[in-house]
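For reference, the structure is listed below as structure tokens.
In our numbering, the protein residues as written are 162 to 375.
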């Protein structure tokens with residue numbers, strides 16, 4: 162498939178000392194549709210940590226989302242905010258939209274709630290994400306549920322959906338074929354630049370080959 166085809170790849174990078182190096186390696190082999198900058202566990206994002214990553218991605222025409230901090234989006238001129246799942250996700254989305262206005266994008270992870278997905282889709286989310294929260298123990302059942310949610314959403318709604326917490330290239334291809342508009346791949350914190358380039362190449366390749374439902 163030609164490289165001019167729109168990418169389904171949605172990269173996730175954890176902020177930190179090596180983030181720019183990891184992102185540079187990834188962007189050397191693929192141009193994702195979007196980039197999400199996430200904070201390290203137990204920490205928050207800050208302007209000093211995200212600005213170099215924003216500049217690097219935006220210089221490649223990649224839209225940049227920041228996790229859970231709409232005010233920082235405005236401060237740094239990122240492209241939007243991605244809200245990770247929580248029980249009060251609807252209220253957080255309302256608050257985030259008030260801060261962002263309609264100049265910036267808002268993406269929302271709704272977990273496994275069809276009700277939240279429909280409500281947030283109707284109230285102006287720019288994309289709906291279906292992921293697997295880290296506390297979920299039955300991972301296989303959660304993967305099946307995520308696939309079913311994506312298939313359900315893609316056959317009914319026009320708002321794009323993003324598959325999160327994807328662990329293998331096989332899962333990535335399957336979710337794309339079920340209707341995921343974008344599939345998130347988290348850059349590993351360890352490994353060499355060559356490792357990262359190879360992994361990103363493989364994921365981008367299977368996504369470009371994946372057949373989406375008619």
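Don't be surprised by glycine CBs; every beta carbon is placed ideally from N, CA and C.
Classify residue 342 as buried or exposed, calling it buried when 16 or more other Cβ atoms lie within 10 Å of its own Cβ.
-> For this step, residue 342 is matched to residue 181 along the chain shown. Residue 342 comes out buried.
For residue 243, count the other beta carbons within 10 Å of its own beta carbon; 16 or more makes it buried, fewer makes it exposed. Which is it?
As a first step, residue 243 is located in the chain shown; it is residue number 82 there, counting from the start. Burial call: buried.
Compute the distance between the beta-carbons of residue 214 and residue 184, then report whether it is under 8 angstroms.
To locate residue 214, count along the chain shown from 1; it is residue 53. To locate residue 184, count along the chain shown from 1; it is residue 23. Yes, Cβ-Cβ distance for residue 214 and residue 184 is below 8 angstroms.
inquiry  = Comparing C-alpha positions only, which one of 209, 246 and 268 sits nearest to residue 196?
reply    = Within the chain shown, numbered from 1, the residue matching residue 196 stands at position 35. Measuring from the Cα of residue 196, the nearest candidate turns out to be 268.
DSSP state of residue 332, grouped into three classes?
Here residue 332 corresponds to residue number 171 of the chain shown, with the count starting at 1. The answer is helix: DSSP assigns residue 332 an H, G or I state.
In DSSP terms, what residue 244 is bridged to: In the chain shown, residue 244 corresponds to position 83, counting from 1. For residue 244, which the question treats as bridged, DSSP gives the partners 269.
Practice task
On a CA-only basis, which of 247, 264 and 266 is nearest residue 274? Give me that one, please.
Solution key: Within the chain shown, residue 274 is the residue found at index 113, counting from 1. For residue 274, the nearest C-alpha among the options comes from 247.
> Apart from the five residues on each side of it in sequence, which residues of its chain come closer than 6 angstroms, Cβ to Cβ, to residue 230?
Replying inline: The residue you call residue 230 lines up with position 69 of the chain shown. Excluding residues within five positions, the ones whose Cβ falls inside 6 angstroms are 206.
Q) How many Å lie between residue 353 and residue 182 at the Cα? A) Start at 1 with the first residue of the chain shown, and residue 353 comes out as number 192. Start at 1 with the first residue of the chain shown, and residue 182 comes out as number 21. Taking the straight line joining both Cα atoms gives about 10 angstroms.
* Asked: Smallest Cα separation from residue 350: which of 309, 201 and 369?
  -> Sequence index remark: in the chain shown, residue 350 carries index 189 (1-based). Comparing Cα-Cα distances from residue 350 to each of 309, 201 and 369, the minimum goes to 201.
Spatial neighbours of residue 287 in its chain, beta-carbon cut-off 8 angstroms, leaving aside the 5 residues before and after
Start at 1 with the first residue of the chain shown, and residue 287 comes out as number 126. So the qualifying residues of the chain are 241, 266, 267, 268, 320 and 321.
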